[in-house]
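Protein chains in written order, with this note's numbering: chain A, 350 to 846; chain B, 350 to 846; chain C, 350 to 846.
Written out as C-alpha cells, the structure is:
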C-alpha cells in the first residue's frame, strides 16, 4: 500500500473509532479484549463488529415496542444495560459458575458461553429452548440404552479376526465428530495448561469435548444447549438463523432430509430463486413484505405478523409447539413427547421408546389429541397466511395419510425382523444382542430411519421426489423385498444344515 | 406499534392506493377481492402486488414490440383489456366451464385457474404447451398399464403375512403425494360445503386431488396442465421460471437428476457463482448481457437474442422441439415421440412402450431422422452463442455415444432379467405378473431409471461425476454384477431342490 | 425494436466503444477478432468484456503494490505490455509450439490456450500448479495400471453372453465424459478440415479429446493442465474461482464429497446465508472484511491478509502445501506424495500405490513428519484467524483420529477381501485378475472410495452427517457386514459342492 493510502486508511479508522464509540459505548473490559483480539483473531472481532450486539445497548433495545424487540428479559443488570454486548459481557458473566473460567489479563474469562449467559437478556427464549427436545439431545441419545446401542453400531471401529467382525466401543473423538457433532458433546475441564502465545506465556483451560456447537451440548456450567448452534458466533445473526442453510447443518442427511426436501419444494424454489432480495433482519417478520415464502424458521420458530401488525405466529424456541407429530428419529412416527427429557419414557416391553416395537404409541408420555389439535392449529394459521382452508386441509390429510402408510411399511419390516429373530437366523432382544449389528437389522433401521422419514418430510413440506424415488417410497418397498430375500436365504441355508 | 407510527403507516397506504390505482387500474371485482383477502391471505395478495400482472394492462402489454411482448394473443376481450390482471380476471373467467365455480360474495369464482384461463392472453404458450409431453403427464402415467404397474409397486402399501409381502392398491392421497405431485392429479369436485370463516358462513367446493400444481393436472374444466407448475402463483414470475430451482422441483431425483447435474456443470457453477447479479426479467433475454451462462430455460424454453436483437432461439413451451432424444423415464433412450399422448404407442410385443424390451425403437410413433436433425440444430444454435462448432460437435458426439452405451448396459440388464424369467426364478410378463415387484426386477429398474438416466444427463450437460461415481457408470456396472449374482444364487438354490 | 430506440442503441454502443478504447487499449489483432466474434459467438465476447483482462494492461497491473497484484511475472514482453489481454494475446501466443495452430483470417490462431500461454503473465502460479497433483491428473490415472484398471471397470461397456458379463475396453468418448472430464483428456490434432461457416469457407483443426477443461489435460503444446478448470473462460474470474461452486464441479461426488460436506458445515452455512454480499474480487483477500467465513479457496489457495495487511497465508496454486494428508482417491489416507507425478511410486508388493494393501505408507515417496508439520502449521494459521488455539488443536486431533479409524475400517474390509481371494471365491492379484470386477471387490472399493473418504472430509471440514449417516460411518459399518455376508454365503455354497 502506498503511504498516502495507508495514512488515509489509519485516519479513517480513527475517525470511525471515535464516532462509533460515542454511539455504541463499549465497556472498558470489552475494549481491552478487542485491543489484542483484533490482532490475534481478527475474523471474529470483525464478525462481532458486524453484529447487532455491537450496535445496540440493552437499554436501547428495551425501548423498542414489544413486537420489534429482540430481547425478552424485562430487567437487565445495570452494569450491562448501558454498554453494547461485547466480548467481556458474555465471556466474563458469572465467572464462578463456569468451570472453564480462567485468569486472562486480569479478567476471569470463560471459553464456553452458554444459554444461561444468553438468558440474561434473552430469558424467554432460553426458557422455551429448555422445553425443546434439542436442548436434551445429548442426554436423550447417550442415556437411552437403545439409542446408545445404535450409536455404538455406527461409531465403533470394527476389526476382522478371520471369522467375525468385532466392534470396539466408540472413542470420544469419533463420537464428537459423528453423532455428537449435532447432538452436542459434554464439554469438561481437564485442567489448565500454560502455553506460549504471540502475547507471551498464558494459561488456558484444557477442554475435552471441545470444539462443539451441538444443540444439546452439556456445558461447563451444567447448562444444556448452545445458542450458537443456530445463532452463529460471533454474529449471533437472526437473519442467518432464519435461513434454511442454518437448519441444514444438522437436518440434511438421509435420517432427516428436511433441507433437501425444502430445496425441491415450491417454497424452497421461491426462496432459492429470490430469497437473496428479502429482508431477513426485520423484527417482527412481515409475511409478503419481508419474505415471500416460508423458510424453516417461518413455520417452526419465528414471530410472524401481517402488514398491519397482526400476529400470525408467536416466536417459539420450543419449536415443536407448532407440530403435533414427531416424524423422525424413532421407529414409528408418533405424537410428540410431553417432556423434552425422553429418557423417562418406557413402553410396555420395558424399552425406552415412545411406541411399542409394533407401533402402538405409549400415551402416558405423549401429548394427547387436544394438545395435538392446538399445535396443528398454530401451524395451520401460518399456512393460511397464503393458502385457503381447502388447500391446507388437503395438505394435512395427505400428511397424516403418509404417517399412517409409512408406519405400516415399518411394521411390515419389523415383522420380517421379528421372524428372523424368532427363527434364530438373527439375534435380537431376547438373546440380549444389539438390535443394530446384523445385516437384516441394518436394513430394518434404514426402513424407518431413512426411507419412512424421507417420505414423511416430503409429505409435510411437499418435497416431490423425496416421497417417491429419492429415498422415498421406492426404497421403502424395495427394502422390504430385500429383507425378505435375506430372511428366505438364511432360512433355506439353515434347513439344509 | 405506537400511534404516530400507525397513523403514518395508514397514511402511506392510502397514498400508495391512490397513486397506484391511477397508474394500474384494477377492475372493481378485483378491488373487492383484495379488500378481504389482504386480511385473509395477505401473502398471496402481496405476491400478486409484486407481479407483472399487477403492473400492466393487456392493452399496454400489446403496445410493446413483438420480441419484448409477454402476451401472445393478438386479441384481448375488451372487458379485460384496460385493467390489470387481478384476482377476478382469472378466478371468474368463463364460470360455466369450470365445475369448481361457486358463489362467493356475489361473484362466480373458481378455485383452480387453468391453462384455458391463461390462454386468453397467452394463447401461443398454451397451444405449445398442449404439445408438451408434460401436459399429458397424468394420463401418460395413469392410462399406461406398464407405468401404472410401476406406480403400484412404488406407492402400494405392503403387509407381511408371515411368508410373503402383499401389495395393496395405492390410495389417492399417497399417489398425490408421490408420483402425481409432479405428474399432476385429477382435480374433481365432490360437492359443496358450508364452512364457518372469519367473514361468517360461506360455501366452498370440496375438491379431491387438491392441492396440486403438477404439470399434467386434469382440471375441473377438462383442460390438462398447470401454468403454475413453473410460473408460481400468484407472482407468475418469468424470472423465477427461468431459474433452475423451478425445474428442480421435479427434476432432481435419481430418476431425473437434471438439476444435480446442472449444479456441478460449468454452466451451473457460473450461475451459482454470479447468477444473482443477472437480469432474469428482461424480455427478450439477451445472451451475454442479461445472463452469462445458460439455465434450463435458456436451452429448452426461452426466447434468446443477441445484443443486436438477432433471434438465437424462439420461445417454446413445447420444450422438446429443441431435443432430438428422450433420455429419461423409459427403459431405453430413443427419439422423441411424435405425439405428446404416449398412450397410443404400442411396440411389436404389444406393450405400450416406445421401444421393444430389447431396445429397438418403434419408428411409427417416434420422430424421424429429419426431425431429429431439425431439433438438434435448434439446440446447437443456442450452444453456438458461446461455443465454437468444433466444441459443440464434440459435445454432441459424446452425448450420442453415451446414449448408445447406456442402452447397451440396459440391454445387458434386460438379458439377465429375461433369463431369470425364462428359468422360472422370477415371474414376468409371460406369467402375467408385475415386472416391478421382485428383487431382480427392482434392480433392473434402477439400471435404466436411475443409472442410465444419470449418465445421459451428465453427458448432455457436462455433469462430471454424475456420469462416473454419482449414480453413474460405477453403478451401471456394479448393478449388473449384483443382478447376475442374484440370478446365480437363485439358480443354484433351485438346482439343489 | 422501434427505429428511435434502435438508433439510440447504436449511438450508445459507438460512444461506449470510443470511451472504452481510450481507457482500455486493445491490440489491432484483438479488435479484428472481436469484429466478427461479437456476431458469431456473442456470449464469450461479452464474457471477456466483463473480465479483468479487458480492463487492465499488464503494464498497469505491474504498477500495483505486490500484495494487490494479480500478475506474478516481473517481465512482460513489450508487445503485450501496453494492450489489454484480448483474444489475440492468448490465442496467437507462440504459434509454433501449438500443434493446433491454424491460419485464420491472416492470424496464426490456436484453439487450446494452455498454462504455458498464461505463464507469460502468471509465471509463479503456473510453476506452483506444475507441483499440484491436479496438473498430473491425466497421467497419474492413465499410466498407473491399478487406477487404469479401476477406470476400465467403471467405463467399459459390458455384454451378457448368457452366463457371464464381458467387459469391453472403454472408448475414448466415454472416458472423456466420465473420469477424464475432471482428470483431463489428451487433446490431439487429427488433421485440418475445411468447413462452411457464416463467414464463408474456413479451415479448422480437427481435435480429439475436445472439448475438455480437466485439471490435468494434456495440451497440444505438450503442457499439462488447464487454468480454465477454475478460472472459467473467458472471464478468468478470480471471484468465481474463490467460490465453492467452482470446486464443486469435480469435488462433489461420493468419491470426493468436499462440496456437500462444506454445504452443511458452519462455514458453508455462513457462505450460503450471506456470501452473496461479500467481496470476492478484492486482492489481497481480507479476512473478516471481504469475507466472513472460509470458502475452499480461503483454506487451500488464496492469499489471505488481515485488515492491517499482515499476511495470514500466501497464495498457492500447489494447493497441497497447506495439507499434510492426502485423504481421498487412494485405499488408505496417507502423507502427501513428494512428487506430483505419482506414477513413480512403488510399494513393497510392487504395486504403484503409496501404501501397502494393508495400509502401511511407503515412506520413500511421501513427505516426512517435518514437512507434514510445516503444512499443518500453514493451515492452522488460517484457522486461527478466527479460532483459538484450543479450538484448532481439538479440531485437528479429531481429524487425525478419523484418519486412523477410517484406515482401520478399510483394513478390515481388505482382510475380508484377502480371505475371499485366498479361499478362491473371488479372483484377485495372484490370479492376475482385475481387483475391481467382482461383487466383493466393488464393495471393498466403496469402503474406501466412498465411505472412508466421506468420513474424512466430514471430519476435516466439520460436515456433520457426512461422518454419520450420509455415506459416513453408518455405511462403513454396514458395508463390512455385507462383505462378510457375501463371503460367508460363497464359502457355504462352495463347501456344499
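In this text, a Cβ means the ideal position worked out from N, Cα and C, and glycines have one as well.
Using C-beta distances below 8 Å, list every residue in its chain close to residue i, excluding the 5 sequence neighbours before and after it, in chain order.
i	result
residue 671 (chain A)	648, 649, 662, 665, 724, 727, 728 and 731
residue 555 (chain A)	538, 539, 540, 541 and 542
residue 486 (chain C)	531, 532, 533, 563, 564 and 565
residue 820 (chain C)	603, 606, 799, 800 and 803
residue 794 (chain A)	499 and 785
residue 652 (chain A)	416, 632, 633, 634, 660, 662, 663 and 664
Rounded C-beta distance between residue i and residue j? I'm assuming under 8 Å.
i	j	result
residue 759 (chain C)	residue 801 (chain C)	5 Å
residue 803 (chain A)	residue 606 (chain A)	5 Å
residue 623 (chain B)	residue 638 (chain B)	Actually they are not in contact, since the Cβ atoms of residue 623 (chain B) and residue 638 (chain B) sit about 14 Å apart, beyond 8 Å.
residue 329 (chain C)	residue 441 (chain C)	Here chain C comprises residues numbered 350 to 846, so residue 329 (chain C) is not present and cannot be evaluated.
residue 523 (chain B)	residue 750 (chain A)	6 Å
residue 391 (chain A)	residue 378 (chain C)	That belief does not hold up - the Cβ atoms of residue 391 (chain A) and residue 378 (chain C) are roughly 46 Å apart, past 8 Å.
residue 548 (chain A)	residue 382 (chain A)	Not really, about 12 Å apart at Cβ, beyond 8 Å.
Pick out whichever of the options has its Cα sitting closest to the Cα of residue i.
i	options	result
residue 493 (chain A)	A:509, A:623 and A:699	A:699
residue 463 (chain A)	A:453, A:446 and A:810	A:446
residue 590 (chain C)	B:611, B:621 and B:597	B:621
residue 757 (chain C)	C:566, C:713, C:383 and C:708	C:708
residue 631 (chain B)	B:808, B:416 and B:600	B:416
residue 609 (chain C)	C:378, C:382, C:809 and C:384	C:809
residue 514 (chain B)	A:529, A:836 and A:795	A:836
residue 495 (chain A)	A:597, A:823 and A:783	A:783
residue 516 (chain B)	B:508, B:523 and B:522	B:508
residue 535 (chain C)	C:570, C:451 and C:548	C:570
residue 687 (chain C)	C:716, C:746, C:616 and C:675	C:716
residue 491 (chain C)	C:450, C:691, C:383 and C:578	C:691
For residue i, is the classification buried or exposed, using 16 other Cβ atoms within 10 angstroms of its Cβ as the cut-off for buried?
i	result
residue 560 (chain C)	buried
residue 826 (chain B)	buried
residue 424 (chain C)	exposed
residue 743 (chain C)	buried
residue 660 (chain C)	exposed
residue 791 (chain B)	buried
residue 780 (chain B)	exposed
residue 737 (chain A)	buried
residue 573 (chain C)	buried
residue 796 (chain B)	buried
Which residues in the same chain as residue i place their Cβ atom closer than 6 Å to its Cβ, once the five residues preceding and following it in sequence are excluded?
i	result
residue 618 (chain B)	none
residue 482 (chain B)	689
residue 748 (chain A)	808 and 809
residue 410 (chain B)	420
Using a Cβ-Cβ cut-off of 7 Å (strictly less than) and excluding sequence neighbours within five positions of residue i, which residues of its own chain qualify?
i	result
residue 421 (chain B)	471, 472, 473 and 474
residue 710 (chain B)	683, 684, 703 and 704
residue 644 (chain B)	591, 592, 593 and 620
residue 768 (chain B)	836
* Report yes or no: do three or more beta-carbon pairs, one from the segment 476 to 490 of chain C and one from the segment 433 to 447 of chain C, lie closer than 8 Å? => no
* To do: Pair every Cβ in the segment 385 to 405 of chain B with every Cβ in the segment 565 to 583 of chain B, then say whether three or more of these pairs are closer than 8 Å.
  => Segments in contact, yes.
* To do: Check whether the segment 814 to 821 of chain C touches the segment 764 to 781 of chain C, taking contact to mean three or more Cβ pairs, one atom from each stretch, closer than 8 Å.
  => no
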